[in-house]
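Reading through the C-alpha coordinates given below for one structure.
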Amino acid sequence: MQNSNPFQDIAERLDRIESAILVLKPEEKKASIQNNPDERLTRKELKEQFKLSYPTIHNLMKSGALPFEKVGRSTRFKRSDVEAYFSSKKSIHLN
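When you number the sequence shown by UniProt numbering, it's gap-free, plus one each residue, and the end is 95.
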(Lines of atoms letter the chains of each structure in order from A and count residues from 1; the text may use other names and numbers.)
(Lines give C-alpha, C1' and ligand atoms only; values in the text may rest on other atoms or scores of the structure.)
Protein backbone atom coordinates (compact mmCIF):
# COMPACT_ATOMS: atom_id res chain seq x y z
CA MET A 1 0.00 0.00 0.00
CA GLN A 2 1.04 3.48 -0.72
CA ASN A 3 0.89 6.06 2.07
CA SER A 4 0.70 9.22 0.03
CA ASN A 5 -0.61 12.54 1.12
CA PRO A 6 -4.15 13.00 -0.30
CA PHE A 7 -3.58 16.74 -0.56
CA GLN A 8 -0.47 16.15 -2.65
CA ASP A 9 -2.51 13.89 -4.96
CA ILE A 10 -5.16 16.58 -5.31
CA ALA A 11 -2.54 19.24 -6.04
CA GLU A 12 -0.96 17.06 -8.73
CA ARG A 13 -4.34 16.41 -10.33
CA LEU A 14 -5.16 20.12 -10.30
CA ASP A 15 -1.81 20.86 -11.97
CA ARG A 16 -2.59 18.35 -14.74
CA ILE A 17 -6.08 19.80 -15.21
CA GLU A 18 -4.70 23.34 -15.33
CA SER A 19 -2.11 22.32 -17.93
CA ALA A 20 -4.80 20.68 -20.07
CA ILE A 21 -6.98 23.79 -19.88
CA LEU A 22 -4.10 26.05 -20.88
CA VAL A 23 -3.44 23.85 -23.90
CA LEU A 24 -7.11 23.88 -24.95
CA LYS A 25 -7.79 27.57 -24.35
CA PRO A 26 -6.02 28.98 -27.47
CA GLU A 27 -7.83 26.40 -29.63
CA GLU A 28 -11.14 27.47 -28.10
CA LYS A 29 -10.39 31.11 -28.86
CA LYS A 30 -9.46 30.29 -32.47
CA ALA A 31 -12.69 28.33 -32.88
CA SER A 32 -14.75 31.22 -31.53
CA ILE A 33 -13.08 33.64 -33.94
CA GLN A 34 -13.97 31.48 -36.97
CA ASN A 35 -15.01 34.34 -39.22
CA ASN A 36 -18.74 34.78 -38.86
CA PRO A 37 -19.22 37.71 -41.29
CA ASP A 38 -22.40 38.90 -39.54
CA GLU A 39 -20.79 38.97 -36.10
CA ARG A 40 -20.80 42.38 -34.45
CA LEU A 41 -17.64 43.38 -32.60
CA THR A 42 -17.31 45.88 -29.78
CA ARG A 43 -14.46 48.40 -29.71
CA LYS A 44 -12.67 46.23 -27.18
CA GLU A 45 -13.00 43.10 -29.36
CA LEU A 46 -11.86 45.06 -32.41
CA LYS A 47 -8.85 46.35 -30.46
CA GLU A 48 -7.86 42.89 -29.21
CA GLN A 49 -8.53 40.83 -32.34
CA PHE A 50 -7.09 43.26 -34.88
CA LYS A 51 -4.36 44.78 -32.68
CA LEU A 52 -5.64 48.35 -32.99
CA SER A 53 -5.47 51.17 -30.46
CA TYR A 54 -8.59 53.04 -29.36
CA PRO A 55 -7.37 56.29 -31.01
CA THR A 56 -6.87 54.42 -34.30
CA ILE A 57 -10.39 52.99 -34.09
CA HIS A 58 -11.76 56.46 -33.35
CA ASN A 59 -9.90 57.96 -36.33
CA LEU A 60 -11.16 55.22 -38.66
CA MET A 61 -14.72 55.86 -37.47
CA LYS A 62 -14.38 59.64 -37.78
CA SER A 63 -12.94 59.45 -41.31
CA GLY A 64 -15.66 57.05 -42.44
CA ALA A 65 -13.10 54.42 -43.41
CA LEU A 66 -14.61 51.87 -41.03
CA PRO A 67 -18.41 51.54 -40.98
CA PHE A 68 -20.03 51.14 -37.56
CA GLU A 69 -23.44 50.92 -35.94
CA LYS A 70 -24.71 52.32 -32.69
CA VAL A 71 -26.69 49.91 -30.52
CA GLY A 72 -28.00 52.09 -27.74
CA ARG A 73 -24.88 53.75 -26.40
CA SER A 74 -22.45 51.09 -27.61
CA THR A 75 -20.65 50.99 -30.93
CA ARG A 76 -20.54 47.80 -33.01
CA PHE A 77 -18.50 46.88 -36.06
CA LYS A 78 -19.57 44.20 -38.52
CA ARG A 79 -16.76 41.65 -38.88
CA SER A 80 -17.12 41.52 -42.67
CA ASP A 81 -16.74 45.33 -42.87
CA VAL A 82 -13.58 45.23 -40.75
CA GLU A 83 -12.07 42.40 -42.79
CA ALA A 84 -12.97 44.19 -46.05
CA TYR A 85 -11.24 47.34 -44.77
CA PHE A 86 -8.05 45.45 -43.95
CA SER A 87 -8.04 43.49 -47.22
CA SER A 88 -8.35 46.73 -49.16
CA LYS A 89 -5.40 48.13 -47.21
CA LYS A 90 -3.40 44.97 -47.88
CA SER A 91 -4.03 45.14 -51.62
CA ILE A 92 -2.98 48.81 -51.72
CA HIS A 93 0.33 48.01 -49.99
CA LEU A 94 1.01 44.99 -52.21
CA ASN A 95 0.71 46.96 -55.46
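Ideal Cβ placement from N, Cα and C applies to all residues, glycine included.
Contact between valine 82 and phenylalanine 50 holds, since their C-beta atoms are separated by about 7 Å, short of 8 Å. By the neighbour-count criterion, in which 16 or more other beta carbons inside 10 Å mark a residue as buried, leucine 14 falls on the exposed side.
Looking at the DSSP output, serine 63 shares a beta bridge with no other residue. Around the Cβ of isoleucine 10, a 10 Å sphere holds fewer than 16 other Cβ atoms; the residue is exposed. Judged by DSSP in its simplified three-state form, threonine 75 adopts strand. At a Cβ-Cβ threshold of 7 Å, threonine 75 and arginine 40 do not count as neighbours.
Serine 87 is not a Cβ neighbour of proline 37, given a cutoff of 7 Å. Taking a 10 Å sphere around the C-beta of isoleucine 57, we find 16 or more other C-beta atoms and assign the residue as buried.
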